[in-house]
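**Q** The sequence shown begins at 1 in this note's numbering and counts up by one.
Don't be surprised by glycine CBs; every beta carbon is placed ideally from N, CA and C.
Sharing a structure, written as structure tokens. Questions coming.
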Amino acid sequence: MKDNQRKFIYTALFAAVVVVLQMFVSIPLGMFTITLTLVPIMLGAILFGPASGAILGGVFGVVVAIQVVTGAAGPLSSAMFLQTPVITVVLCVLKGVAAGWVSGLIYKAFAKHEKTKLGTILSAIACPIVNTSIFALGLFVFYSGLINTWAIDNAFANAFTFVMLGCIGLNFLVEFAVNVLLIPVALRMIKIVKRLM
Numbered sequence: 001m002k003d004n005q006r007k008f009i010y011t012a013l014f015a016a017v018v019v020v021l022q023m024f025v026s027i028p029l030g031m032f033t034i035t036l037t038l039v040p041i042m043l044g045a046i047l048f049g050p051a052s053g054a055i056l057g058g059v060f061g062v063v064v065a066i067q068v069v070t071g072a073a074g075p076l077s078s079a080m081f082l083q084t085p086v087i088t089v090v091l092c093v094l095k096g097v098a099a100g101w102v103s104g105l106i107y108k109a110f111a112k113h114e115k116t117k118l119g120t121i122l123s124a125i126a127c128p129i130v131n132t133s134i135f136a137l138g139l140f141v142f143y144s145g146l147i148n149t150w151a152i153d154n155a156f157a158n159a160f161t162f163v164m165l166g167c168i169g170l171n172f173l174v175e176f177a178v179n180v181l182l183i184p185v186a187l188r189m190i191k192i193v194k195r196l197m
């Protein structure tokens, strides 16, 4: 089987895992949900390159967008969608694509210099940082009025505190910890999959 065919098949399998995790294993916490979906995105980006990471991130983003449109993603996401539907959907997809793509680029850069362990660690760290940073930036740029209102309604001092502590703080920390804690597992999986390829 050709290398491109293998990448396609494995990326499709990882995409199925992304869909299942996002649809059935998300953990509601605060105004958003904690997702374990960044783990297969990061693994796919490491194993199959930035393009696969971007595709997996895109699948994640599309599923999140569907959850936002249907109201399953929480009240703030629904309010964002009602305010600016197109920007909300684009933001959902963009943050996922960027997280997978950047994660893959980082690993690829370090793998060229035979520093795969460091590349894996930095990819695992970058994936949730990129995902959350783009989301936070989008909140401040496109939804400032909305987050100001929510900050006041939820007794936060200002919109910045609301976003960092009320919206994404705990979610980000848990997602970040999950990615980092699974680095040893990721390293083992990478070795196993590379032997099979």
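Based on Cα-Cα distance, which residue from PRO85, GLN83, VAL68, THR84 lies nearest to SER77?
**A** Of the candidates PRO85, GLN83, VAL68, THR84, the one whose C-alpha sits nearest the C-alpha of SER77 is VAL68.
**Q** Just confirm the distance between the C-beta atoms of LEU56 and GLY100, as a whole number of angstroms; I'd bet it's less than 8 Å.
**A** Confirmed, about 5 Å.
**Q** What are the start and end residues of each continuous beta strand (DSSP E) run of 3 or more residues lying completely inside the region 4-64, in chain order?
**A** Runs found: 27-29, 32-34.
**Q** Specify, as a first and last residue, the run of the alpha helix (DSSP H) that LYS108 falls within.
**A** Element bounds for LYS108: 85-111.
**Q** Pick helix, strand or coil for GLY74, following the three-state DSSP scheme.
**A** Three-state result, GLY74: coil.
**Q** Go through its chain and collect everything with a Cβ distance to THR116's Cβ below 7 Å, but skip five positions before and after it.
**A** Closer than 7 Å at the Cβ level, and outside the excluded window around THR116, lie PHE110.
**Q** Using only CA atoms, which one of LEU94, LEU170, TYR107 lies nearest to LEU122?
**A** It is TYR107 whose Cα lies nearest to the Cα of LEU122.
**Q** Counting Cβ pairs, one atom from each stretch, are 3 or more of them under 8 Å apart for the region 145-152 and the region 183-193?
**A** As far as the Cβ criterion goes, the region 145-152 does not touch the region 183-193, which means the pair count is below three.
**Q** Compute the beta-carbon to beta-carbon distance between VAL180 and ILE125, rounded to the nearest angstrom, for a pair I have assumed lies under 8 Å.
**A** Contact holds; Cβ gap of about 6 Å.
**Q** Please return the same chain residues whose Cβ sits closer than 7 Å to the Cβ of VAL105, not counting the five positions on each side in sequence.
**A** In the sequence under discussion, the amino acid at residue 105 is Leu, which differs from the Val named in the question. PRO50, listed in sequence order.
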